[in-house]
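Residue numbers (the numbering used here): 64 to 300. Since the structure comes first, as structure tokens, the remarks are kept for the end.
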Ligand code: DC
């Protein structure tokens, strides 16, 4: 079972994907955390964030380990150190979309993401290009979004809870900027996969979105089971 969840920044993908994975007993992978980790390392090493060759080299050479915690979701270890809180800082938010434009880096990380999916018996993977590039044959794909104001409001609250208070307008400007970079980049821009279920979460609570997704999955799985059953009957098995 492979479930792809894509959408813009602040749409609530991570919380929803993590919970859907937990309830279905599947592995969970937050691919944005991988781009964030490379951004952190590039900033620490003073590497030009537009140099795709060097960014890809970081991805190949660093030791990026992705663990899992029921409450916190993916825990990210870079070269043996837990960097989970650091990759959510305003500094990383500001630069990560620029880093993730690099085709060379994307190539490396997509390979890694495909490898993780292949090794697991079932996965919920979330990002920007999961349904269109990483898991093109996923069993079910979702694209979740919300209005810019609502996404900014959620991100502002999230940052406040983590002790970072920024002017609301600054948060909104930064999300709008990230949307623009993510949607306009040449390689794997953020788009809706042809076969994705699209959910506007602006007026829904997190629990309502989770329920909707689980219902779609249940519905699709039951159709799949019925089709299998029909094939079995036709084949006389
Ligand atoms: O989901 P997030 O905000 O943690 O993602 C951080 C950045 O990483 C986002 O601005 C775009 C990029 N990203 C991407 O290009 N492709 C993915 N599959 C996941 C994230």
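Idealized CB from N, CA, C, for every residue including glycine.
Annotated as distal: residue 206 and residue 280, with beta-carbon spacing of 9 Å or more.
For residue 76, the uninterrupted alpha helix (DSSP H) run begins and ends at 76-87, by DSSP. Within the region 123-192, the complete beta strand (DSSP E) runs of at least 3 residues fall at 127-132, 136-141, 186-190. Here the alpha carbons of residue 118 and residue 259 stand approximately 31 Å from one another. As the crow flies, the alpha-carbon of residue 158 is around 30 Å from that of residue 181. Per DSSP, the continuous beta strand (DSSP E) segment holding residue 90 begins and ends at 90-93. Secondary structure note for residue 234: it is in no beta strand (DSSP E), and the uninterrupted alpha helix (DSSP H) holding it is 231-247. A distance below 8 Å between beta-carbons, with the five flanking residues on each side excluded, links residue 211 to the following residues of its chain, in chain order: 235, 238, 239, 242. Check the Cα spacing between residue 203 and each of 185, 228, 98: the tightest is with 185. With a beta-carbon spacing of about 6 Å, residue 75 and residue 217 fall inside the 8 Å limit used to define contacts.
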